[in-house]
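Worksheet: the structure to be examined is printed underneath.
Number of protein chains: 2
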Amino acid sequence: MKIDPANKADLSAQIAEAIRDAIVAGQLIVDERLPSEAELADHFSVSRPTVREALKRLAAQSLIRTQRGAFGGAFVNRLSYPEAYGQQITTATLLLSMNSISFDTACEARYALERACTPLAAQRRTPDTLATMRAEIHCQAQPGLTDESFCASDVAFHRALVDSAGNPVLSYQLAGAVEAMQPLMNMITFTARSREAIVGLHTRIADALEGHEAEAAQAALSELEAYTLTLGRDVMAARARPKG
Amino acid sequence: MKIDPANKADLSAQIAEAIRDAIVAGQLIVDERLPSEAELADHFSVSRPTVREALKRLAAQSLIRTQRGAFGGAFVNRLSYPEAYGQQITTATLLLSMNSISFDTACEARYALERACTPLAAQRRTPDTLATMRAEIHCQAQPGLTDESFCASDVAFHRALVDSAGNPVLSYQLAGAVEAMQPLMNMITFTARSREAIVGLHTRIADALEGHEAEAAQAALSELEAYTLTLGRDVMAARARPKG
DNA sequence: TGCATTCAAATTGTCAGACATTTAAATGTA
DNA sequence: TACATTTAAATGTCTGACAATTTGAATGCA
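Protein chains in written order, with our numbering: chain A, 1 to 244; chain B, 1 to 244.
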């Protein structure tokens, strides 16, 4: 973990990068303690606040954790799946909300990725993930549900579908695609009829996975994509219309 | 953007979270200027260094950018694709390297996701992405290439394959899956014979995309997955063997 | 000796004030 | 008008200090 060149900009960013590089390169092992802030300040010839700003940058990325007290300090953090999930979701959500992505584009990406999971899910689905899907389907069929709660349950169903594939890397990668859709889905008003249609397709997917029928699941998923697209387009058309 | 409760821990984290929530909730628009550090310090009743630590946390996540000078300050940053790519890649790479993911699991996830792109890629591939794939194939056929350069070119090929789908959301989601595999692939020693096989499969994929043949591309991709898996397993077996 | 208590040291968290640097607007001048 | 200078506002950095927290060792007592 070395020095900064004669660069003149943003010392804390440079220091953070140097430490990050050391972690990524494996020079700092998980749970290893970094030098104290005072030692780091001395090493990089900067003041302690500057070092602290650098450490906070790393903490924001879950690369380190800090502990107060004697023999405390900053430690290289094992990036856990929940932490990675969280970052993935907030990043994906912001990317979609800030870059005027069309509903179609986001929808296409989400369903393409989910279809990638169905063959594995049909093969490996567990009683646990099936039960989750059934429970969410039951929840979606409740009459008094708000649109927002319906969307939340929809997301939970799709998450269970992805988890059925039994591949944690896949679950991590899909977390963003599934969760980031929720704000877009929340713009849709779900009529009783559209809810019924969605619940029916969800049931077909769960049935297919339970019966280890990959193609049937994929077909139902594609139908769901097409139906979601029409719902989204209706919303856009209604917005474009001159009068309410 | 409001107050902190009577919580006693880590003011800078609380402040960062409050501002982040305001951004995610849309209370702070892209390119909007945040109050100055002094004003924020006053608003939250903390000192300026504490505010600065909070702002550095947000800067590390590309949520804000800062500008010096008069009428400078912190501005809500539009999360661009390149920035999101970068975060995606480092997070995915660390997740894989720190959690003892098996080669098989990572490989399965990567190829499942790539297969999700091939139908779209076969439909929308452009002369540009095809040219990139051809160029990388040509590069991979060079005799004097190091294993590392071969891997780098392999990653570039797959990235072009993903980009062929013409869906930026998909490209973003796949960035982590594709790039994070590179360290794992770097452990493999590519013989002349295995390189030949891979180049052959890459060529089949490129040909299939050029001819808009989705199934052929998918078949070649599946063969490539199987072959990559055997290469990875050979490495693992060689490591497990008692003597060199 | 054995155990509980106390104390000291190390380290992060926070604060206050100051100065340096950068940038753009305002001002002055030819 | 066009250009140079000044000025003000803001971030970047430093110094020094104190508070809070945690651990380990020293201490006191039975």
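Backbone N, C-alpha and C fix where the C-beta goes; we use that ideal spot for every residue, glycine too.
Check, Outcome
"Determine the direct distance from the alpha carbon of B:Ala92 to that of B:His158, and round the result to whole angstroms.", "16 angstroms"
"What three-state label does DSSP hand B:Val76 in the structure shown?", "strand"
"A:Glu114 and A:Leu161 look like a contact to me (Cβ under 8 angstroms); what is the Cβ gap, rounded to whole Å?", "7 angstroms"
"Rounded C-beta distance between B:Ile23 and B:Leu55? I'm assuming under 8 angstroms.", "About 12 angstroms; that fails the 8 angstroms criterion."
"DSSP has A:Gln123 in a bridge; who is on the other side?", "The partner list for A:Gln123 (beta bridge, DSSP) is empty, contrary to what the question assumes."
"Mapping the DSSP letters down to three states, classify A:Thr189 as helix, strand or coil.", "coil"
"Return the residue from the list B:Leu28, B:Glu148, B:Ile19 and B:Ser102 that minimises the CA-CA distance to B:Arg52.", "B:Ile19"
"Which whole-angstrom value describes the C-beta separation of A:Ala112 and B:Ala116, a residue pair presumed to lie in contact below a C-beta threshold of 8 angstroms?", "4 angstroms"
"Name the two residues that bound the continuous beta strand (DSSP E) containing A:Thr66.", "Ile64 to Gln67"
"Run the CB neighbour count on B:Ala25, radius 10 Å, all protein chains shown included, and call it buried at 16 or more, exposed below.", "exposed"
"Can you tell me whether B:Arg241 is helix, strand or coil according to DSSP?", "coil"
"Please report the distance separating the alpha-carbon of B:Phe103 from that of B:Ser45.", "50 angstroms"
"Apart from the five residues on each side of it in sequence, which residues of its chain come closer than 7 angstroms, Cβ to Cβ, to B:Pro168?", "Tyr81"
"Give the straight-line distance between the Cα atoms of A:Gly86 and A:Gly176, rounded to the nearest whole angstrom.", "9 angstroms"
"Please report how far the alpha carbon of B:Arg33 lies from the alpha carbon of B:Met1, in whole angstroms.", "13 angstroms"
"Given a cut-off of 8 angstroms on the beta-carbon distance, is the pair A:Leu209 and A:Ala121 in contact?", "yes"
"Would you say B:Gly244 reaches chain A, if we count a Cβ-Cβ gap shorter than 8 angstroms as a contact?", "Confidence at B:Gly244 is low in this model, with a pLDDT of 43, below 50, so the placement of that residue should be treated as unreliable; the coordinate-derived value is given next. Output row for B:Gly244: interface = no."
"Count the other C-beta atoms from every protein chain shown that fall within 10 angstroms of the C-beta of A:Ala131, then say buried if there are 16 or more, exposed otherwise.", "exposed"
"For A:Arg57, collect the residues of the same chain with a Cβ closer than 6 angstroms to its Cβ; drop the 5 residues on either side in sequence, then sort them by chain order.", "Ala16"
"With a threshold of 7 angstroms on Cβ separation, who are the neighbours of B:Thr228 within its own chain once the five nearest residues in sequence on each side are excluded?", "Cys107"
"Could you tell me whether the Cβ of A:Gln123 comes closer than 8 angstroms to any Cβ of chain B?", "no"
"Is there contact here, the stretch 174-194 of chain A with the stretch 137-148 of chain A, by at least three beta-carbon pairs under 8 angstroms?", "yes"
"Would you say B:Tyr172 reaches chain A, if we count a Cβ-Cβ gap shorter than 8 angstroms as a contact?", "yes"
"On a CA-only basis, which of A:Thr230, A:Arg193, A:Ile3 and A:Gln218 is nearest A:Arg204? Give me that one, please.", "A:Gln218"
"Spatial neighbours of B:Thr50 within its chain, please: C-beta separation below 6 angstroms, excluding the five flanking residues on both sides.", "Leu11 and Ser12"
"Would A:Leu120 pass as an interface residue toward chain B - the criterion being a Cβ-Cβ separation below 8 angstroms?", "yes"
"Which residue wins for smallest C-alpha separation from B:Ala109, given the options B:Ala238, B:Glu225, B:Asp154 and B:Leu79?", "B:Glu225"
"Hey, does A:Met98 have any beta-carbon neighbour from chain B nearer than 8 angstroms?", "yes"
"Use the C-beta contact count for B:Met133: other C-beta atoms within 10 angstroms, 16 or more gives buried, fewer gives exposed.", "buried"
"To the nearest whole angstrom, what separates the beta carbons of B:Val199 and B:Ile101, a pair I think is in contact under 8 angstroms?", "No, B:Val199 and B:Ile101 are not in contact; Cβ-Cβ is about 27 angstroms, not under 8 angstroms."
"If I follow the unbroken alpha helix (DSSP H) through A:Ser100, where does it start and stop?", "That residue, A:Ser100, is in no alpha helix (DSSP H); it is neither H nor E in DSSP."
"May I ask which residues mark the beginning and end of the alpha helix (DSSP H) holding A:Glu148?", "Asp147 to Asp163"
"Pick out whichever of B:Ile3, B:Phe71 and B:Asp21 has its Cα sitting closest to the Cα of B:Pro35.", "B:Phe71"
"Taking 7 angstroms as the cut-off, is the C-beta of B:Leu63 nearer than that to any heavy atom in the ligand FMN?", "In the structure on display, the ligand FMN does not appear, and there are no ligands present to speak of."
"In chain order, what residues of the same chain have a beta carbon less than 8 angstroms from the beta carbon of A:Tyr172, not counting five sequence neighbours either side?", "Tyr81, Ala84, Tyr85 and Gln88"
"Starting from A:Glu12 and walking both ways along the alpha helix (DSSP H), at which residues does that stretch end?", "The sequence as given places Ser at residue 12 of chain A; Glu does not occur at that position. That run of the alpha helix (DSSP H) goes Leu11 to Val24."
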